[in-house]
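For reference, the structure is listed below as C-alpha coordinates.
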Amino acid sequence: MKCERCGKDASVSVKAIVNGYEHDFYLCNDCLKKYTDMSEENGIPNEEGFHKINLNNKKLESLIQKFVPSLDDMIDGYYEYKYNQNNHPYSYMEGLNQKACPNCGNLESNIRNGIFGCKECYKLSDNLSRKVLKTYNNYDKYTGKFPKKDREFKQVALEIKKLQEKLDLSIATEDYEQAADLKEQIDDLNMKVKN
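Here the sequence shown stands for residues 14 to 208, where the numbers follow the working numbering.
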(Lines of atoms letter the chains of each structure in order from A and count residues from 1; the text may use other names and numbers.)
(Lines give C-alpha, C1' and ligand atoms only; values in the text may rest on other atoms or scores of the structure.)
Protein backbone atom coordinates (compact mmCIF):
# COMPACT_ATOMS: atom_id res chain seq x y z
CA MET A 1 0.00 0.00 0.00
CA LYS A 2 1.07 3.56 -0.71
CA CYS A 3 0.62 6.58 1.56
CA GLU A 4 -2.40 8.48 0.29
CA ARG A 5 -0.80 11.76 1.37
CA CYS A 6 2.69 11.62 -0.17
CA GLY A 7 2.90 8.35 -2.16
CA LYS A 8 5.61 6.62 -0.07
CA ASP A 9 5.14 3.08 1.25
CA ALA A 10 2.40 3.16 3.88
CA SER A 11 3.01 1.66 7.29
CA VAL A 12 -0.26 2.56 9.01
CA SER A 13 -3.88 1.94 8.14
CA VAL A 14 -6.22 4.57 9.59
CA LYS A 15 -9.90 3.85 10.04
CA ALA A 16 -12.11 6.90 10.51
CA ILE A 17 -15.78 6.54 11.36
CA VAL A 18 -17.66 9.67 10.35
CA ASN A 19 -21.45 9.84 10.71
CA GLY A 20 -21.61 6.06 11.00
CA TYR A 21 -19.63 5.37 7.81
CA GLU A 22 -16.20 3.72 7.89
CA HIS A 23 -13.42 5.20 5.79
CA ASP A 24 -9.99 3.55 5.50
CA PHE A 25 -6.86 5.29 4.32
CA TYR A 26 -3.13 4.60 4.54
CA LEU A 27 -0.26 6.77 5.77
CA CYS A 28 3.53 6.48 5.95
CA ASN A 29 5.42 7.11 9.24
CA ASP A 30 6.34 10.69 8.27
CA CYS A 31 2.74 11.69 7.49
CA LEU A 32 1.53 9.87 10.59
CA LYS A 33 3.87 11.99 12.73
CA LYS A 34 2.61 15.17 11.04
CA TYR A 35 -1.01 14.38 11.91
CA THR A 36 -0.55 12.79 15.34
CA ASP A 37 1.24 13.45 18.60
CA MET A 38 3.40 10.31 18.94
CA SER A 39 5.07 9.77 22.29
CA GLU A 40 7.37 7.01 23.58
CA GLU A 41 4.52 5.22 25.36
CA ASN A 42 2.61 5.10 22.08
CA GLY A 43 5.39 3.05 20.52
CA ILE A 44 4.34 -0.01 22.56
CA PRO A 45 1.22 -1.82 21.33
CA ASN A 46 -1.59 -2.60 23.79
CA GLU A 47 -2.93 -6.11 24.55
CA GLU A 48 -4.89 -6.22 21.29
CA GLY A 49 -1.84 -5.22 19.23
CA PHE A 50 -2.98 -1.66 18.50
CA HIS A 51 -1.01 1.51 19.16
CA LYS A 52 -2.63 4.31 21.12
CA ILE A 53 -2.26 7.53 19.15
CA ASN A 54 -3.24 10.98 20.36
CA LEU A 55 -4.55 12.97 17.45
CA ASN A 56 -4.11 16.68 16.94
CA ASN A 57 -7.66 17.92 16.26
CA LYS A 58 -6.81 20.61 13.67
CA LYS A 59 -4.47 18.36 11.73
CA LEU A 60 -6.87 15.42 12.00
CA GLU A 61 -9.73 17.52 10.69
CA SER A 62 -7.73 18.50 7.61
CA LEU A 63 -6.66 14.87 7.15
CA ILE A 64 -10.23 13.59 7.33
CA GLN A 65 -11.44 16.29 4.92
CA LYS A 66 -8.74 15.15 2.50
CA PHE A 67 -9.74 11.47 2.51
CA VAL A 68 -13.33 11.23 3.72
CA PRO A 69 -15.98 12.43 1.28
CA SER A 70 -18.32 15.16 2.47
CA LEU A 71 -22.06 14.63 2.64
CA ASP A 72 -22.44 16.73 -0.52
CA ASP A 73 -19.95 14.49 -2.34
CA MET A 74 -21.82 11.36 -1.21
CA ILE A 75 -25.19 12.78 -2.33
CA ASP A 76 -23.75 13.88 -5.68
CA GLY A 77 -22.19 10.45 -6.11
CA TYR A 78 -25.48 8.73 -5.35
CA TYR A 79 -27.44 10.81 -7.86
CA GLU A 80 -24.74 10.34 -10.48
CA TYR A 81 -24.89 6.57 -9.87
CA LYS A 82 -28.70 6.52 -10.18
CA TYR A 83 -28.57 8.68 -13.31
CA ASN A 84 -25.97 6.43 -14.94
CA GLN A 85 -27.93 3.36 -13.89
CA ASN A 86 -31.09 4.57 -15.67
CA ASN A 87 -29.66 6.62 -18.53
CA HIS A 88 -27.26 5.24 -21.10
CA PRO A 89 -25.89 6.60 -24.37
CA TYR A 90 -28.19 5.94 -27.29
CA SER A 91 -25.46 3.93 -29.05
CA TYR A 92 -25.54 1.46 -26.14
CA MET A 93 -29.33 1.27 -26.34
CA GLU A 94 -29.28 0.34 -30.03
CA GLY A 95 -27.54 -2.93 -29.13
CA LEU A 96 -30.34 -3.93 -26.77
CA ASN A 97 -33.66 -5.44 -27.74
CA GLN A 98 -35.50 -2.64 -25.92
CA LYS A 99 -36.56 0.72 -27.22
CA ALA A 100 -34.88 3.72 -25.66
CA CYS A 101 -35.61 7.42 -25.63
CA PRO A 102 -33.41 9.12 -28.26
CA ASN A 103 -33.19 12.26 -26.09
CA CYS A 104 -32.15 10.90 -22.67
CA GLY A 105 -31.50 7.18 -23.27
CA ASN A 106 -34.15 6.04 -20.79
CA LEU A 107 -35.09 2.38 -21.36
CA GLU A 108 -38.60 1.19 -22.13
CA SER A 109 -38.37 -1.07 -19.05
CA ASN A 110 -37.87 2.03 -16.88
CA ILE A 111 -40.92 3.66 -18.46
CA ARG A 112 -42.96 0.53 -17.64
CA ASN A 113 -41.99 1.15 -14.00
CA GLY A 114 -43.15 4.78 -14.18
CA ILE A 115 -39.71 6.37 -14.61
CA PHE A 116 -39.79 9.00 -17.35
CA GLY A 117 -36.50 10.79 -18.03
CA CYS A 118 -37.79 13.64 -20.18
CA LYS A 119 -40.86 14.76 -22.12
CA GLU A 120 -39.67 12.79 -25.17
CA CYS A 121 -40.06 9.54 -23.17
CA TYR A 122 -43.83 10.01 -23.34
CA LYS A 123 -43.66 9.93 -27.15
CA LEU A 124 -41.63 6.69 -27.28
CA SER A 125 -44.70 4.48 -27.20
CA ASP A 126 -48.13 6.10 -26.95
CA ASN A 127 -49.81 2.87 -25.88
CA LEU A 128 -47.24 2.21 -23.14
CA SER A 129 -47.27 5.84 -21.95
CA ARG A 130 -51.06 5.86 -21.76
CA LYS A 131 -51.06 2.61 -19.78
CA VAL A 132 -48.38 3.82 -17.32
CA LEU A 133 -50.01 7.23 -16.85
CA LYS A 134 -53.39 5.60 -16.21
CA THR A 135 -51.81 3.24 -13.66
CA TYR A 136 -49.75 5.78 -11.73
CA ASN A 137 -51.54 9.13 -12.21
CA ASN A 138 -55.03 8.24 -13.45
CA TYR A 139 -54.45 10.32 -16.63
CA ASP A 140 -54.90 9.13 -20.21
CA LYS A 141 -52.15 11.30 -21.68
CA TYR A 142 -49.28 13.50 -20.58
CA THR A 143 -50.50 17.07 -20.15
CA GLY A 144 -47.38 18.71 -18.79
CA LYS A 145 -45.85 19.19 -15.39
CA PHE A 146 -48.99 20.96 -14.15
CA PRO A 147 -52.11 19.72 -15.94
CA LYS A 148 -54.66 22.40 -16.88
CA LYS A 149 -57.12 21.56 -14.10
CA ASP A 150 -54.31 21.73 -11.51
CA ARG A 151 -53.14 25.07 -12.93
CA GLU A 152 -56.66 26.47 -12.66
CA PHE A 153 -56.89 25.26 -9.06
CA LYS A 154 -53.55 26.89 -8.26
CA GLN A 155 -54.68 30.19 -9.81
CA VAL A 156 -57.90 30.15 -7.77
CA ALA A 157 -55.93 29.39 -4.60
CA LEU A 158 -53.62 32.35 -5.28
CA GLU A 159 -56.62 34.61 -5.90
CA ILE A 160 -58.18 33.50 -2.59
CA LYS A 161 -54.90 34.25 -0.81
CA LYS A 162 -54.75 37.77 -2.31
CA LEU A 163 -58.36 38.47 -1.38
CA GLN A 164 -57.74 37.16 2.15
CA GLU A 165 -54.83 39.60 2.54
CA LYS A 166 -57.05 42.47 1.32
CA LEU A 167 -59.78 41.33 3.73
CA ASP A 168 -57.35 41.37 6.66
CA LEU A 169 -56.20 44.86 5.66
CA SER A 170 -59.75 46.21 5.32
CA ILE A 171 -60.66 44.80 8.76
CA ALA A 172 -57.54 46.39 10.24
CA THR A 173 -58.54 49.77 8.74
CA GLU A 174 -62.16 49.21 9.85
CA ASP A 175 -63.56 49.36 6.30
CA TYR A 176 -66.32 46.83 6.95
CA GLU A 177 -68.24 47.38 3.69
CA GLN A 178 -65.22 46.41 1.60
CA ALA A 179 -64.53 43.54 4.01
CA ALA A 180 -68.05 42.18 3.42
CA ASP A 181 -67.58 42.36 -0.37
CA LEU A 182 -64.21 40.61 -0.14
CA LYS A 183 -65.69 37.92 2.11
CA GLU A 184 -68.40 37.24 -0.51
CA GLN A 185 -65.78 36.96 -3.27
CA ILE A 186 -63.73 34.53 -1.16
CA ASP A 187 -66.82 32.41 -0.45
CA ASP A 188 -67.68 32.31 -4.18
CA LEU A 189 -64.15 31.16 -5.06
CA ASN A 190 -64.23 28.53 -2.30
CA MET A 191 -67.50 27.19 -3.74
CA LYS A 192 -65.89 27.08 -7.19
CA VAL A 193 -63.00 25.01 -5.79
CA LYS A 194 -65.35 22.60 -4.00
CA ASN A 195 -67.33 22.01 -7.19
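Ideal placement from N, C-alpha and C gives every residue a C-beta, glycine not left out.
Fair warning: this is a prediction, and the values are worked out from it, not measured in the lab.
What three-state label does DSSP hand residue i in the structure shown?
i: F38; result: strand
i: N119; result: strand
i: D22; result: strand
i: K28; result: strand
i: K15; result: strand
Exposed or buried, residue i, counting other C-beta atoms within 10 Å across all chains shown (16 or more means buried)?
i: C41; result: buried
i: N119; result: buried
i: L45; result: buried
i: E197; result: exposed
Only counting the same chain, and skipping five residues up and downstream in sequence, which positions put a Cβ closer than 8 Å to that of residue i?
i: K15; result: K21, D22, A23 and Y39
i: E133; result: C114, P115, N116 and C117
If I measure Cβ to Cβ from residue i and keep anything under 7 Å in the same chain, skipping five residues before and after, which residues do I get?
i: L137; result: K112, C114, E121 and I124
i: K179; result: L195
i: V206; result: F166 and V169
i: R18; result: L40 and C44
i: E53; result: Low confidence applies here, because E53 scores a pLDDT of 46, under 50, leaving its location unreliable; read the following figure in that light. Counting only Cβ-Cβ distances below 7 Å, and skipping sequence neighbours, we find nothing.
Pull up the CB-CB distance for residue i and residue j, whole angstroms please, since I reckon it's below 8 Å.
i: A192; j: I199; result: Not confirmed; about 10 Å, so no contact.
Given residue i, which residues of its chain have a CB within under 6 Å of its CB, disregarding the five upstream and five downstream residues?
i: V25; result: L40 and L45
i: C131; result: N116 and C117
i: D201; result: none
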